[in-house]
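Data block below; observations after.
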Amino acid sequence: MPPLTPLADLADLADPAELADRPRAAEAPLVVVALCAAWCGTCRDFRPAFERIAGARPGIVFAWADIEDDAELVGDIDVANFPTLAVIRGGVVLHFGVTLPHEAVVARLIDALSGAPLRPAPDVPDEVRALAAQLSR
């Protein structure tokens, strides 16, 4: 699998025939979605670092979502600044927020969340919860 999975392909990660055997949320793979925009210079500069982080963590699913090109999937998520990350496991949003576009900072965040207990992030907008649910069907 390439380091970044297109957002539209995330729903296809699980075989529908295996839905009855889906792992519990705590055992589901971590999914990291970078919400960015093609016109954003910071996003363009950050993407290679995000790809390196993804390439170094093959057990985690990474997706790059353009808030305009992927609007049908992203919906009305309000992105205050770029990049914004949504980290999801089994339909539970573990993190949602603007993240410094520094490779080491993002890598530490993802590593910490990958080993953390399943605790929903506080104050997650409904639109982000809907995306998490959609990606975990």
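Those letters in the sequence shown? Residues 1 to 137, per UniProt numbering, in order.
Virtual Cβ for every residue (Gly too), placed ideally from N, Cα, C.
Predicted model, so just to flag it, every value in this text is computed and none were measured.
- In this structure, the beta-carbon distance from residue 132 to residue 93 falls below 8 Å.
- Under the DSSP definition of a beta bridge, residue 95 partners with 87.
- With three or more CB-CB distances shorter than 8 Å, the region 29-37 counts as touching the region 70-85.
- For residue 63, the enclosing beta strand (DSSP E) stretches over residues 61-66.
- Per DSSP, reduced to three states, the secondary structure at residue 79 is coil, with no helix or strand assignment.
- Secondary structure of residue 36 (DSSP, three-state): strand.
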